[in-house]
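Worksheet for the structure shown next.
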Amino acid sequence: MRHVIALDVGGTGMKAALVGVDTEPSPDRPGTPRPGAPGHPALLHQARRATGRERGPDAVVEDILDFAAELRAYGEERFGTSALAAGVAVPGIVDARNGVAVYAANLGWRDVPLRRLLGERLGGVPVALGHDVRTGGLAEGRIGAGRGADRFLFVPLGTGIAGAIGIDGGVEEGAHGFAGEIGHIVVRPGGAPCPCGQRGCLERFASAAAVSQAWAEASGDPGADAADCAKAVESGDPRALAVWQEAVDALADGLVTALTLLDPRTLIIGGGLAEAGETLFTPLRAAVERRVTFQKLPSIVPAALGDTAGCLGAGLLARDLLNPTSTTPRR
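Each residue of the sequence shown is one higher than the one before, counting from 597 in our numbering.
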C-alpha cells in the first residue's frame, strides 16, 4: 500500500495520518473509502499526541521528528513499505518554498529548518512544509466544502482569524508567505489594539476568542465562552444578541473587503465559531448581502472537514511532491 506521512502541528496537540497515494480522502467521511468511487480512499492510519510546548521549542521539534519516525515504522510494519513522502502543517509564519518555520509565537520557534530535519529523520524522503490554515484550506478546496469551486476563500474563526485563498486546485502563498491574513484587515479604525501593532483588526472583534471575551464581560461570568454566547443567542438573551451581532457585523465587513479584492466563488467559514451552525450563518449571510453593491455575492458555506482539514491537507501536500502537476479537476 503506497502511502505518505501527514502531520498537523498545533499549539497544544499534533494530529497525524498515513494517507494512501493512489486515492483521495473522501470528503463525506474522511478516513474511509467512498463506496463506488475509484480514486477516493483515504486515511490508512491516524494518531494524535500532545505537542508538549511547555518543554520548550527544541523539545517540540524533537517530538515531531520522533512522531514522524514512528509513523514511518508503523507503515513499514503494517503495509510492508516505507512512506514515499511527508507533509507537515505548522502555525505561524512559514517559508514553504525553503521549508522553514520562520516564527510561531505559541511554539517559541524561530527559523526552524523543519523540512530538512524531517527529511533527514525519514531517510531522505521528500518533505513538504505548509502553513496550517493554508494547508487546511487546500484540503477544503480539493475534497471539502470548496470542491468544484475554481476560486474560494477559507476563513477559520478560532483564537485568531486567518484565511486561505484557493485558486484552481492550489492555495496562494503570496510573495512573502502572508497571503490571506484577513484577520488583520482593519474593520474598526481606532478600535481595540491588536498584537500585530494595528488597532481595530477583524480578529479583535470576530474571532472565537474575541466573542468569548466580550460575552464573559457582558454576562459577568469570567468562564463563559463563545459557545455559551451562541446558546444564549438561541435562547433570545438580549445581551448575547448584542455581542453576537457586533461580531457578525465586523466579520461581514472584513469578508466584503476580501471578496471585493479576491472575487471568490465560495466563502468557506470554519473554526470554533462556525460550530454554532445557522446561529452564525443565517445572520452572516444577511449581513454580507446587505453590504455588497457591485460585487457578486458568493456562496457562504460551513467547512466540511472539521479539525481533520490540516492533516488531510498535509497529506495532499506530500502527495503533490510525488506528482507535482496533478491537481483535483475543477469545473
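We put the beta carbon where it would ideally sit given N, CA and C, even for glycine.
Counterpart residues of residue i in DSSP-defined beta bridges
i: L753; result: I757
i: Q642; result: A613
Cα-Cα separation, residue i to residue j
i: L893; j: P653; result: 44 Å
i: H780; j: L917; result: 32 Å
i: L703; j: A655; result: 10 Å
i: C825; j: S808; result: 7 Å
i: L863; j: R747; result: 9 Å
i: V617; j: H599; result: 5 Å
i: G762; j: Q841; result: 28 Å
i: E813; j: A741; result: 34 Å
i: H641; j: L614; result: 5 Å
i: P709; j: G695; result: 6 Å
i: T677; j: A669; result: 9 Å
i: C797; j: F675; result: 49 Å
i: A638; j: E672; result: 17 Å
i: C792; j: G720; result: 37 Å
i: S803; j: L661; result: 32 Å
Beta-carbon proximity list for residue i, same chain, < 6 Å, skipping 5 on both sides
i: F877; result: none
i: R800; result: A788, C790 and A806
Own chain partners of residue i with C-beta closer than 8 Å, once the 5 adjacent residues on each side are dropped
i: G609; result: R644, R645, A646 and T647
i: D728; result: D604, V605, G606, A685, V686, P687 and G906
i: P898; result: A741, I864, I865, G866, A870, G873 and F877
Cut-off 7 Å between Cβ atoms - residues of its own chain near residue i, not counting five sequence neighbours on either side
i: W705; result: P653, G688, A697 and Y699
i: A701; result: G688
i: R881; result: I896
i: R784; result: G796, F801 and A846
i: L837; result: V829
i: R835; result: A814 and S815
Pick from the options that is closest to residue i, judged by C-alpha positions
i: T889; options: G695, T853 and A872; result: T853
i: E874; options: V844, G754 and C790; result: V844
i: Q891; options: P860, S831, L749 and F750; result: P860
i: V884; options: L851, G911, L901 and F774; result: L851
i: F774; options: F663, A602, A910 and R693; result: R693
* Can we say the segment 730 to 738 touches the segment 898 to 912, given the rule of at least three CB pairs closer than 8 Å? -> yes
* Evaluate the contact criterion for the segment 702 to 719 versus the segment 682 to 694: three or more CB pairs, one atom per stretch, below 8 Å. => yes
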